[in-house]
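To start, the structure under review is shown below, and the notes come after it.
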Amino acid sequence: MELRVKLIDIAYSGLRAEEKEFVRLKYFEEVLNPSIMAELSWSPRTFYRRRIEVLNKIYDSLGREDAHYWFEGVEDESAAD
């Protein structure tokens, strides 16, 4: 669990200030999308485009699909070869 928390901290620290604000509002405070758009002065198109960009950035920094440590009981596929 400590490894997971550390990885999330690293991924979060790699975001720009506006991206961090988006993550805080959307995922920690669970603010509704229209309120986030207003807070960040984003159009709906910008909101959805940036959401994908931020989530991809986090996903990349966590190791993408190679990050087996997120799933309990999932063994490293390369070890099975």
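All residue numbers for the sequence shown refer to the numbering used here, where the first residue is 323 and numbers rise by one. Ideal Cβ positions, reconstructed from N, Cα and C, are used throughout, including at glycine. Bear in mind that the values here come from a model prediction, so they are computed numbers and not experimental data.
Going along the chain, which residues of its own chain have a beta-carbon closer than 8 Å to the beta-carbon of residue i, five neighbours each way excluded?
i, result
"Val-376", "Leu-337, Glu-341, Phe-344, Val-345"
"Val-353", "Leu-347, Glu-361"
Cutting at 7 Å between CB atoms, please list the residues of its own chain near residue i, excluding the five before and the five after it.
i, result
"Lys-348", "Ile-358"
"Glu-361", "Leu-347"
"Pro-366", "Met-359"
"Leu-384", "Leu-329, Ala-333"
Please state whether DSSP places residue i in a helix, a strand or coil.
i, result
"Leu-337", "coil"
"Val-327", "helix"
"Leu-362", "helix"
"Val-353", "coil"
Under 6 Å Cβ to Cβ from residue i, same chain only, skipping five residues before and after it: list those, please.
i, result
"Phe-369", "Met-359"
"Asp-331", "none"
I need the straight-line Cα distance from residue i to residue j, nearest angstrom please.
i, j, result
"Pro-356", "Lys-379", "23 Å"
"Val-327", "Ala-333", "10 Å"
"Tyr-381", "Ser-363", "25 Å"
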